[in-house]
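Numbering (the working numbering), first residue to last: 10 to 179.
No residue lacks a Cβ here, since even glycine has one placed at the ideal position from N, Cα and C.
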C-alpha cells in the first residue's frame, strides 16, 4: 500500500485561503467534481470515487486525529462503476455519499485540496505523499510547515472524514 500524511481543516474564508495557496503553488490548479460512495467496512474505509467521469476504488486506513496523520491506501481504476457499486452495496452496504468541488494544487510532493463539500461547507486538505525513503516524521514536518505557511490554526483542524462528519449531522 502507498502512504501519505494528511490533515483536514475547516475553512471560514475560502477566497483568502485560495489566494494564499495560489501564492504558494502558483496559479496552476485543477477543478475536480467528485462523488464518493462510501461502503460499510470494519477495519478499513472503502469508497468508489468518480472524478470528472473517471472512477476508481480507494481502500484506506487512517486514524481520526486532528494532528497530521498517516494514511495507508490503495487506488484501483474501475472500468464499470455501476456494476462495482451494485456488488459492493450488496456485499457491504452503502454508508453514504459525499459530493464536492475540489480545487487541486501541487506543492512539491504534496497534494493540496480546497474543497467545497455539499452539506458540510469548505475545507482544506493536505496529502503529503511519502516516497519509499521518507518517514512519517518527515511527512508530518512538511504538513506542519505548510500549515504554518497557510496560517492554518490548530482549532480549525478536523479529525474525521467527510462521511463521518455527514453522519454526525444526519
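Cut-off 7 Å between Cβ atoms - residues of its own chain near residue 114, not counting five sequence neighbours on either side | Taking the first residue of the chain shown as position 1, residue 114 is located at position 105. These residues qualify, in order along the chain: 30, 34, 38, 121.
Apart from the five residues on each side of it in sequence, which residues of its chain come closer than 6 Å, Cβ to Cβ, to residue 124?
-> As a first step, residue 124 is located in the chain shown; it is residue number 115 there, counting from the start. Listed in chain order, the non-local C-beta contacts of residue 124 below 6 Å within the same chain comprise 109, 111, 132, local neighbours out to five positions each way being set aside.
Nearest-angstrom Cβ-Cβ length linking residue 107 and residue 175, presumed shorter than 8 Å | Residue mapping note: residue 107 aligns to position 98 of the chain shown, counting from 1. Residue mapping note: residue 175 aligns to position 166 of the chain shown, counting from 1. Yes, residue 107 and residue 175 are in contact; Cβ-Cβ is about 6 Å, under 8 Å.
Which value, in whole angstroms, describes the spacing of the CA atoms of residue 171 and residue 129?
-> Within the chain shown, numbered from 1, the residue matching residue 171 stands at position 162. Within the chain shown, numbered from 1, the residue matching residue 129 stands at position 120. Looking at the two C-alpha atoms, the distance is approximately 8 Å.
Measure the Cβ-Cβ separation of residue 58 and residue 101 and say whether it is below 7 Å.
-> As a first step, residue 58 must be located in the chain shown, where it is residue number 49. As a first step, residue 101 must be located in the chain shown, where it is residue number 92. No; because the gap between Cβ atoms is not below 7 Å, this pair is not in contact.
Who are the Cβ neighbours of residue 169 in its own chain at under 6 Å, not counting the five residues just before and after it?
-> By 1-based counting over the chain shown, the position of residue 169 is 160. Taking C-beta separations shorter than 6 Å and ignoring five residues to either side along the sequence, the partners of residue 169 in its chain run 73, following chain order.
What's the call for residue 97, buried or exposed, on a 16-neighbour Cβ count within 10 Å?
-> For the purposes of this step, residue 97 is taken as residue 88 along the chain shown, with counting starting at 1. The residue in question, residue 97, is buried, as its Cβ has 16 or more Cβ neighbours within 10 Å.
State the start and end residues of the unbroken beta strand (DSSP E) segment that holds residue 157.
-> Taking the first residue of the chain shown as 1, we reach residue 157 at position 148. For residue 157, no beta strand (DSSP E) encloses it; the enclosing alpha helix (DSSP H) starts and ends at 145-158.
Inter-stretch contact (C-beta, 8 Å, three-pair minimum) for the region 10-17 and the region 139-155 | Of all C-beta pairs linking the region 10-17 to the region 139-155, three or more are shorter than 8 Å, placing the two stretches in contact.
In the DSSP assignment, find the alpha helix (DSSP H) that holds residue 31 and state where it starts and stops.
-> Walking along the chain shown from the start, residue 31 turns up at place 22. Residue 31 -> alpha helix (DSSP H) spans 23-34.
For residue 127, which residues of its own chain have a beta-carbon under 7 Å away from its beta-carbon, when the five flanking residues on both sides are left out?
-> By 1-based counting over the chain shown, the position of residue 127 is 118. Result list for residue 127: 108, 109, in chain order.
With 16 other Cβ atoms within 10 Å as the buried cut-off, status of residue 152 | As a working mapping, residue 152 is identified with position 143 in the chain shown. Burial of residue 152 is indicated by the presence of at least 16 other C-beta atoms within 10 angstroms of its C-beta.
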